[in-house]
Every structure is written in structure tokens, then in C-alpha cells.
Amino acid sequence: MKYIYKNWFAIILVVLLYSCKDYLDVEPQGFIEAGSPSVESAEGLVTAAYAAIGNNDMIGPIASMWVYGSVRSDDAYKGGGGTGDVEPFNFYEQYNITQPEQSWLAGLPYTWENYYSAISRANSALRMLNQLTDDEYEERTIRIAEARFLRGHSHFMLKILFKYIPYIDENLSNDEIIQTSNREYTNDELWNVIAKDFQYGVDNLPEDQTEIGRANKFAAAAYLAKLRLYQAYEQDENNQVVNINATRLQEVVDLTQMVINSGKYSLQPDFAENFLDGYDNGPESVFAIQFSISDGTTAGRLNFENGLNYPHGAPQYGCCGFHQASQNMVNAFATDESGLPKFDTFNDVELSAEDITPTGVTVDPRIDHTVGMNGHPYKYRNEEAYIFNNSWIREPGVYGYFQSMKEQQAADCSCYKKQGPFMGVSKNIDIIRYADVLLMQAEAYIELGEQANAMPLINQIRKRASESTDRTKLADGTNPSNYLISEYDGANLSWTQENARIALQWERRLEFAMESPRFFDLVRWGIAEPTLNAYLEKEKTRKDFLNKAQFTAGRDEYYPIPQREIDFTKKLYEQNVGY
């Protein structure tokens, strides 16, 4: 098997030709003089477009959404060295102090620019491909579909962050780009425009790609299903869900069924394998951002976006203690006597590591795949050096004693490299995994009133969780926690539409905890305001730094358009509601 980043070093020369500081104030990236297109250049530009979605930045993330989807939800605290450490991230966590003119030091402006740079790369490839013929380049249509898929991904991510964004394709001239408003389309129209890129992929990508990492037909179908699921929850101008569109939900069912029926994907046998080096591009990975190490370059093509999030006091790491699991999320892993979530009472008791023991409260096994806590193996290592210790926490008085774990790797992993105080890894970031496909279909069935069809899909996820306890054990072979998880059977929870909906929402939270979809899920479901303000009401009794935090409906579902972009376009861009 060949990897699409195999020749990355050679591609750097192509990339340098088309880099830019801002997507609006330069010639269109990848502009080619008439008569100059070639198959080799087109290949290079498509590879550069793949690279662009992983050109990640710790302070302007685009590959990992830990800042925007996890810290901004009830899953996690910012962490780090107190509220002033990378202060813009603290503003996002507090909601009411996020401002359009936020400093360029960190966050939104960089993320906006990085995604539009990735879109520009995809458009550069498309301009080149459009100048070739199928006779000249046998794989031309496939490469067009790949570039459009990548462009769709970046537009999708921008949309769930900002809602109203300018849609930029390869046909726009410089003047037309500058004149493109972020309100050219309505909310629903913008979903449809982005969907065309994924639909083109469904229609034109092959079922199999010879090179690992390239999008295939089923990756496009899964991503289109994801888009249609978001679109199904129709919002008004104040970001409130006013209708759930059954036609869109049926599209989700049909598209996810295409992926399921392909037979190409399945759940990893052990949940841990989704978060360990050596299992990249496995059966659960529908589409992933590819990273590499020891590839002939100085530092490798590493993911540094999560490099702030290692345990600060651990001698093998030393920095920086960000992205700490919230008390609320830890509590959510507790189970009742039948092995189901404590839907109504989970947050009544504040669990500590001393409560989560082999003889303590019963918990979903996924807690030990997700959260680092005192006395438990960290990253599936039960040697003394890797048993998590409270001393590893940087600011326990502010953020408590729980740390994230899914995104980290062991310091002696061949995938790990330290650059100064920061850490990078070559482990891929999965954008869509098969568990997401199953739960998207389950969600669509529930909202269609066909909740009976959702139960076996959710149970597949829970069954896998129950069987994922081998790697979490202590050195003596015992479990560090008192695991108890069961599947739904209609008796232990009456499977009404409402109960099925609650079960689905909990399953998504536990399955993808600290992976960052949580905030976007809450907004899609239309329950962000009640959920997050209830979370804050309780958390304020636990964490003083949240005392003034408040989520405002009709504003905080989306970020403000960066003021820099509004100023640059001479106020062509309209600011989002509430800012």
C-alpha cells in the first residue's frame, strides 16, 4: 500500500508556490498560466490539498476541535496554567466574554484563515484539473472528486463554527472573491451548496483507493450523511431549532446504510485501538487526517494541535496540562444497578478518583479510555511510571484532578516527538469513524419515529464498550474501576421515542467524550442553552473560575465572524446575531 504523503518532501516545493498570508488579498492560490497544466503538477496540488486540512496550529486549530467543541461544552475545562494561560480559550469557555475583535494571539482568526487556506489549496488543484482532459489524465475525475471532498470538509467545519460564511469555489476571480458575502446564501441554501461537493464524491469516487488516506465513495457518503443530519435540524435566524426535516433524516438513513452495506467498515474490536498508534486507517476509520514521522523531513508531519494537552507534571512529558475533563463529564460515566447511565441523577454526586475504584461506584468502561485520574493506568500503561498521579496536574486548585487521555500517546511511542516544550505525534485524527455512522443512523431513525431500528445500532456501540477492558487493567490484572455496562432491551428502559432520544444523546457523549463533537451536537439538537446553563449552575459551586460564565441563546451557538475579516471586506461580511 502507498500513502498519499509518501512524497511529501517533494511536494513542499509546489506548496511554497501557492502559500499565502490571507485568502482574500493575493492572486488565487495555484493560478496556472494557460498552457502550463500537467498531470504531475495536478497530482502535487491534490496532495497539497490533503496536506492543508492537517496543517494544524496549536493556537488556530483545524484538525482537532478540542478548544471549540470540547472545552466549549460540558465535557472539559480549558486547563493549563490558569485562566490567563492562552486567555482567548478561557473567553470561549466563559461564553459571554467572547468578542469579534478577539486577539490574534490565539484561536478564531487563525482557524478562519487556516480553513480558508485549505479551501484555497483545494481550489488550486481544481483549477489545474479543469485545464486537463480525461484523455490526458485518466484519474482526473477522481482527483476532482477528492479536491471537492476536501473543500467540502473545510466549508462544513467553518459552517458549524460560524454558521454564515463566504462560500469560495475555484471559479471565482480575485474581484469576485472580494465581493462574495457571507450572507450570499440562507442557512439552508449554504448547506445545499456545500453538500454538492460531497455528492460529487459519492457519484465519482471509487469504492477503493490504492493509496491509503484518499477519500473514497463511502467517506463521501458518510460526510454527506453528517451534513444532512445537521441540516435536518432547521434553525431560525436566532439559531433556534424550529423544525426537524424528515426528508433530510431519510437521506441520512439511506447514506449511512450505503456505508454499512459496503462491508468495508466495522467497529474496532477494542475501543482503545481508536486511540493507539499502530491502528491508523483501521476498519473503524471512514476518513482521517493523515500524519507521519521519520518521513525524511526534519520534524515529520506531526500533529501538534493536541501538544498542549499532556499532563504537565508527568516527568516524561512536562507540558502543558490543557484540556482537562470536567467534573460533570466524569460523573456522566457512572452507571446504575442495571448498567445504564444515571440519566437524571448522574450529577448529584461529585465523583473523585477515590470513588472510582474496583469496589467503588459502577462506571462505563470508557471512562478509563478517556480520563486520566489518580492511581489509574495512563494511556494503557500499567508500569509505575505511567500510573497517573495527582501531582501531574498543573493547576488542580482551578481545574481539578482529571486529565484528558484519548489524544495523547506514550512518551516512548515511535509515533511521539518532543519539540522544545511541545509534543507532536504521527497518530491520525479521525474525522468520521464507523461508530459515528452507526449513531447518525440511529439518531435519524429516532427522529423519524422508528426508534426500534435505533436500539441495535446503539447496542453495537455499548457491546464493544463492555468488551474493551483488557488494555485498561492494572499490573496485577485487575480492573482499576468497577465496570458495569449493559445493552438496552426495552425492559431496562422503556424504548419510547423520548427515551430513545435521551439514550442516543448520552451514547454520543460517552462514545466521543473529549473528541470534541459535544458542543456541536448540543447546538444541532437545539438544547445548548438549557444543557450548558444547567451545567454551569452546578459547576459554579465547584469551580470558582466559572462564576460569571453564562450561555446566551441566540448568540453563543456560533462564534462571531472575526472582526478582522469584516474590516478587510469593508463591512461586506455581516456579523453574527448577538455580537
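With the first letter of the sequence shown counted as 1, position 429 gets the number 429 in full-length UniProt numbering; the numbers rise by one all the way through.
Where a beta carbon is used, it is the ideal one built from N, C-alpha and C, also for glycine.
Kindly confirm or deny that the stretch 213-223 and the stretch 165-182 touch, where touching means at least three C-beta pairs closer than 8 Å. The way I'd put it, the stretch 213-223 doesn't touch the stretch 165-182; fewer than three beta-carbon pairs between them come closer than 8 Å.
### Message
Whole angstroms are fine: how far does the CA of Ala513 sit from the CA of Gly321?
### Response
18 Å
TODO: Could you name the residues of the same chain whose beta carbon sits closer than 6 Å to that of Asn453, not counting the 5 residues immediately before and after it, in chain order?
DONE: Tyr445
Requested in this report: Check whether the stretch 78-96 touches the stretch 385-402, taking contact to mean three or more Cβ pairs, one atom from each stretch, closer than 8 Å.
Outcome: yes
- Item | Cβ distance (whole Å) where Glu354 is taken to contact Arg542 below 8 Å | Not confirmed; about 16 Å, so no contact.
Return the bridge partner residues of Asn243 from the DSSP annotation.
-> Glu234
Outcome for Gln179 when other beta-carbon atoms lying within 10 angstroms are tallied against a minimum of 16 | exposed
Got a sec? Which residues, its chain only, sit under 6 Å from Gly201 by beta carbon, not counting five neighbours each side? Ala145, Phe149, Ala220
Worksheet item: Three-state secondary structure (DSSP) at Lys570?
Response: coil
Contact between the stretch 458-474 and the stretch 496-516 (3+ Cβ pairs under 8 Å)
Proximity of the stretch 458-474 to the stretch 496-516 meets the contact definition, three or more beta-carbon pairs being nearer than 8 Å.
| query | Is it true that the CB of Asn216 sits closer than 7 Å to the CB of Pro358? | reply | no
Among Asn328, Arg462, Ile260, which has the Cα closest to the Cα of Tyr399? Asn328
Check: Considering only the beta carbon of each residue, do Gln563 and Glu101 sit closer than 7 Å?
Finding: yes
Pull up the CB-CB distance for Ile356 and Met373, whole angstroms please, since I reckon it's below 8 Å. 7 Å
| field | For Asp277, the nearest candidate out of Gln290, Val286, Tyr265, Leu267 (CA to CA) | value | Checking every option, the nearest Cα to that of Asp277 belongs to Gln290.
Identify, in the order they occur along the chain, each residue of the same chain with its Cβ nearer than 7 Å to the Cβ of Leu227, setting aside the five sequence neighbours on each side. Cβ neighbours of Leu227 within its own chain (closer than 7 Å, five residues either side excluded): Phe156, Trp191, Ile194, Ala195, Phe198.
Between the Cα of Pro480 and those of Cys413, Tyr579, Pro365, Thr247, spot the shortest distance and give me the residue it belongs to. Pro365
(message) Do Phe287 and Val259 count as a contact pair if the criterion is CB distance below 7 Å?
(response) no
Worksheet item: Which ranges does the alpha helix (DSSP H) cover as unbroken runs of at least 4 residues, wholly within the UniProt domain "SusD-like N-terminal" (102-229), from first to last along the chain?
Response: 108-130, 140-162, 174-178, 187-204
**Prompt:** Expressed to the nearest angstrom, what Euclidean distance is found between the alpha-carbon atoms of Ser468 and Phe271?
**Reply:** 6 Å
**Asked** Can you name the start and end residues of the beta strand (DSSP E) that His323 belongs to?
**Response** 322-325
**Report entry** alpha helix (DSSP H) runs wholly inside the stretch 508-569, at least 4 long, in chain order
**Finding:** DSSP runs (the alpha helix (DSSP H)) wholly in the stretch 508-569: 518-525, 528-539, 563-568.
*Which partner residues does Thr335 have in the DSSP bridge list?*
Pro341
- State whether the stretch 513-527 contacts the stretch 52-59, with contact taken as three or more CB pairs (one from each stretch) at a distance under 8 Å. no
Buried versus exposed, by CB contacts within 10 Å (16 or more), Gly282 | buried
For residue 582, I'd like the list of residues in its chain whose CB is within less than 8 Å of its CB, leaving aside the five on either flank, ordered along the chain.
No answer is possible for residue 582: it lies beyond the span of the chain, which begins at 1 and ends at 579.
- Message: Any contact between the stretch 553-573 and the stretch 237-254? By contact I mean 3 or more CB pairs, one from each, below 8 Å.
- Response: yes
Practice task
Taking all protein chains shown into account, decide if Ala549 is buried (16 or more other Cβ within 10 angstroms of its Cβ) or exposed.
Solution key: buried
* Within 7 Å, strictly: CB atoms of Leu129 and Arg121 -> no
Take the Cβ of Ser173 as the centre, count every other Cβ of all protein chains shown within 10 Å, and call the residue buried at 16 or more, exposed below.
exposed
**Item:** Assumed close pair Val39, Tyr137 - CB separation to whole angstroms, cut-off 8 Å
**Value:** 5 Å
Neighbour-count burial assignment, Lys571, 16 or more Cβ in a 10 Å radius: exposed
_Between Arg471 and the ligand FAD, is there a pair consisting of the residue's CB and a ligand heavy atom that are separated by less than 6 Å?_
The ligand content of the structure shown is nil, which means the ligand FAD is not present either.
Discussion item. Quick check on the burial criterion: 16 or more other C-beta atoms within 10 angstroms. Buried or exposed for Pro88?
Written reply: buried
*Kindly confirm or deny that the stretch 302-309 and the stretch 243-252 touch, where touching means at least three C-beta pairs closer than 8 Å.*
no
Quick check on DSSP: helix, strand or coil for Ala272?
helix
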